[in-house]
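Here the numbering used here runs 1 ahead of the position in the sequence shown, where the first position is 1.
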Amino acid sequence: MKKPQRAGAKPPAQRAGGADRPRPSFAAVRLGQVQQVLGEMLQWAHPADGVLTHWLRAHPALGGRDRAEVSEAAYDVLRNLRRYRRLSETGVGAAARRLAILGLAATLGREYLREALAPEENDWLDHVLRIDPATLPRAVRASLPDWLDERLGAYENADALADALNRPAPLDLRVNPLKADRDAVLRSLNDGPAARYQPSAMPFSPWGIRLQGRPPVNRWPQFEAGDIEVQDEGSQLLALLVAPRRGEMIIDFCAGAGGKTLLLGALMRSTGRLYAFDVSAARLARAKPRFARSGLSNVVPVVIDSENDTRVKRLAGKAQRVLVDAPCSGIGTLRRNPDLKWRQHPEALQELGVLQSRILNAAARCVAPGGRLVYATCSLLPEENEAQAEVFLATHPEFEQLDAAALINARCEGLDLKGPYMQLRPDVHGTDGFFAAVFERRKGPAAAAQAGAAAEADATAAGQAAEPEGAGALADDPVQADLEPEAGQSAVNDGTADAP
Numbered sequence: 002m003k004k005p006q007r008a009g010a011k012p013p014a015q016r017a018g019g020a021d022r023p024r025p026s027f028a029a030v031r032l033g034q035v036q037q038v039l040g041e042m043l044q045w046a047h048p049a050d051g052v053l054t055h056w057l058r059a060h061p062a063l064g065g066r067d068r069a070e071v072s073e074a075a076y077d078v079l080r081n082l083r084r085y086r087r088l089s090e091t092g093v094g095a096a097a098r099r100l101a102i103l104g105l106a107a108t109l110g111r112e113y114l115r116e117a118l119a120p121e122e123n124d125w126l127d128h129v130l131r132i133d134p135a136t137l138p139r140a141v142r143a144s145l146p147d148w149l150d151e152r153l154g155a156y157e158n159a160d161a162l163a164d165a166l167n168r169p170a171p172l173d174l175r176v177n178p179l180k181a182d183r184d185a186v187l188r189s190l191n192d193g194p195a196a197r198y199q200p201s202a203m204p205f206s207p208w209g210i211r212l213q214g215r216p217p218v219n220r221w222p223q224f225e226a227g228d229i230e231v232q233d234e235g236s237q238l239l240a241l242l243v244a245p246r247r248g249e250m251i252i253d254f255c256a257g258a259g260g261k262t263l264l265l266g267a268l269m270r271s272t273g274r275l276y277a278f279d280v281s282a283a284r285l286a287r288a289k290p291r292f293a294r295s296g297l298s299n300v301v302p303v304v305i306d307s308e309n310d311t312r313v314k315r316l317a318g319k320a321q322r323v324l325v326d327a328p329c330s331g332i333g334t335l336r337r338n339p340d341l342k343w344r345q346h347p348e349a350l351q352e353l354g355v356l357q358s359r360i361l362n363a364a365a366r367c368v369a370p371g372g373r374l375v376y377a378t379c380s381l382l383p384e385e386n387e388a389q390a391e392v393f394l395a396t397h398p399e400f401e402q403l404d405a406a407a408l409i410n411a412r413c414e415g416l417d418l419k420g421p422y423m424q425l426r427p428d429v430h431g432t433d434g435f436f437a438a439v440f441e442r443r444k445g446p447a448a449a450a451q452a453g454a455a456a457e458a459d460a461t462a463a464g465q466a467a468e469p470e471g472a473g474a475l476a477d478d479p480v481q482a483d484l485e486p487e488a489g490q491s492a493v494n495d496g497t498a499d500a501p
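This is the structure:
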């Protein structure tokens, strides 16, 4: 008896263009999908996460497991691109297909692909999988461009560092200290469906929770309530160096999507005034829902046109704490952003260095006498880190350097950093690569006038700490007073900016 044909279905001959061909296996379909994604990613026209997001949106019928398998295989290829290209030199067929085969073999296993491959492809794959990666040069094994391998080679235990940068990172969460307690959040996660991701307390951050795998955190009730946010442990530790206090005026100079801003505001107990500066309206727009979930009322997001914006100059000598998480190469985040090692170039580092110096100098002018300035990057490269700190000290005698390592060691049991900087490594600390230097503006006769102005600013900030966010609370705001808001700033503050 023939099986009834569903309504609207085409007969086999029509479905296959006139021939009754067998349907491709799931593995063959997945291989084609990964090949498509890689074909777009490897043009290097856009960041890999943006390319992947665009591709997934164009394929809404894919389920959660399908999306995860495509994403993991594509990112495995990005992490191991140089090694995989070396292995695929002897293969047949399109280069993107060979790379996709290697990515799926690594993430789903060799046998998953056997029926989807031609005989010569199976022979090639069996051959290359017998090659021991340990026999390859470090630059090939860890898939680093030569210029980056040379720079990382100057570090102690360079092989371990390179290998750690090439492994996927866990997912780090941060508890919102304004709303929740870490132990309570951990219990709620371990008592529910999230337990499969093995939630555990981080070793260093007092607010951190680490997960294994890639859970849908944005659909969890703890996330929707503003009790947790996604933030790498190294990034969380920057807040301990800033050491915000209630009622202070604080500036997050390169706020981005607001992760560090949120923690600073919570540690201020939503008092004082916390400026979130950024040159990108789109980035601050992405932060707006996070600010809303957090319960904070002391954050003032402001789009600036540059570090020399008039609104920045109005804060000269007024801020007790200034954080500069400077634009950088992002080399410390290769575990999460493996495409950066192929999209970044030594020539761009020179331009970044000039920008970092300009931003640091502008931010320094905002620091009140006795105030603290924290310079940070998610880079491992000395020219973005120690070199910038040394030049700053040499050209700013009004600042002295504090021992960032001693400051952070005192707050984190089990952390034993060597000063004067905070330097974190994925192979040693399990975090992204981070750097931070801490400076304090000297109090002296030359700073007397500025000290008086800063004290007045402190009193104003403390007096208004309990006021709600809005026009009344910002009536005497030195940043926004007597200024026509820019289109970008208005969009961010009103929550109407276009999503990226």
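The beta carbon of each residue, even a glycine, is placed where N, CA and C say it ideally should be. Note that this is a predicted model, so its numbers are computed, not measured.
Neighbourhood of residue i by C-beta, 7 Å cutoff - its chain only, sequence neighbours within 5 removed
i	result
Arg152	Leu382
Phe254	Phe278, Val323, Leu324, Val325, Ile360, Ala364
Thr432	Asp233, Glu234, Gly235, Leu425
Gly260	Glu230, Gln232, Ser236
Asn191	Pro200
Exposure label - residue i; buried when at least 16 CB within 10 Å
i	result
Arg419	According to the sequence displayed, residue 419 carries Lys and not Arg. Counting Cβ neighbours within 10 Å, Lys419 comes out exposed, since fewer than 16 surround it.
Glu116	exposed
Ala450	The pLDDT assigned to Ala450 is 47, lower than 50, so where the model puts this residue is not dependable, and the model offers no usable value.
His430	buried
Arg131	exposed
Asp417	exposed
Gly104	buried
Pro217	exposed
Gln345	buried
Val52	buried
Gly110	exposed
Leu122	Here residue 122 is Glu; the residue named in the question, Leu, does not match the sequence. Buried: at least 16 other Cβ atoms inside 10 Å.
Thr311	exposed
Asp340	buried
Expected contact under 8 Å - CB spacing of residue i and residue j to nearest Å
i	j	result
Ala395	Leu361	Not a contact, Cβ separation roughly 13 Å.
Gln237	Ile229	In fact, because the Cβ distance is near 12 Å, the residues do not count as touching under 8 Å.
Asn167	Ala143	5 Å
Gly296	Gly354	Incorrect: roughly 38 Å between the Cβ atoms, too far for contact.
Val280	Leu265	The pair is not a contact, with the Cβ atoms about 19 Å apart (cut-off 8 Å).
Sequence-distant residues of its chain with Cβ nearer than 8 Å to residue i (five each side left out)
i	result
Gly40	Ala97
Gly415	Pro204, Phe205
Ala135	Arg142
Ser26	Glu116, Ala117
Gly154	Arg139
Gly147	According to the sequence displayed, residue 147 carries Asp and not Gly. For Asp147, where only same-chain residues beyond five positions count, the Cβ hits under 8 Å are Ala140.
6 Å CB neighbourhood of residue i in its chain, flanking five on each side removed
i	result
Ala107	Asp77
Trp125	Gly92
Phe440	Leu374, Phe400, Gln402
Gln351	none
Ala476	Bear in mind that a pLDDT of 42 at Ala476, under 50, signals an unreliable position, so the number given afterwards is only what the model happens to contain. Correct list: empty, nothing qualifies.
Leu82	Ser144
Arg87	Val141
Limits of the alpha helix (DSSP H) - the one that residue i falls within
i	result
Ala175	Note on identity: in this sequence residue 175 is Arg, with Ala being the wrong assignment. Taken as a continuous stretch (DSSP letters only), Arg175 belongs to no alpha helix (DSSP H), being part of the beta strand (DSSP E) at 172-176.
Asp253	Looking at the DSSP string, Asp253 is not in any alpha helix (DSSP H); the run it does join, the beta strand (DSSP E), is 250-253.
Trp45	That residue, Trp45, is in no alpha helix (DSSP H); it is neither H nor E in DSSP.
Ile102	96-109
Tyr85	82-88
Val129	120-130
Gly51	49-58
Val392	387-396
Pro222	222-225
Opening and closing residue of the beta strand (DSSP E) in which residue i lies
i	result
Ala369	368-378
Leu324	320-326
Ala277	274-279
Pro302	300-304
Gln402	400-403
Glu230	229-231
Ala423	Reading off the sequence shown, one finds Met at residue 423, where the question assumed Ala. 423-425 is the span of the beta strand (DSSP E), which, as asked, contains Met423.
Per-residue DSSP class, three states only, for residue i
i	result
Gly209	strand
Tyr503	Shown here, the chain extends from 2 to 501; a query on residue 503 therefore has no answer.
Val439	strand
Arg270	coil
Asn362	helix
Val293	Per the sequence presented here, residue 293 reads as Ala, with Val not at that position. DSSP places Ala293 in helix when its eight states are reduced to three.
Leu242	helix
Ser26	coil
Ala185	helix
Ser307	coil
Ser144	coil
Ser201	strand
Arg336	coil
is_contact[residue i, chain C] using C-beta, thresh 7 Å
i	result
Gly266	This model lacks chain C altogether; it includes just one protein chain.
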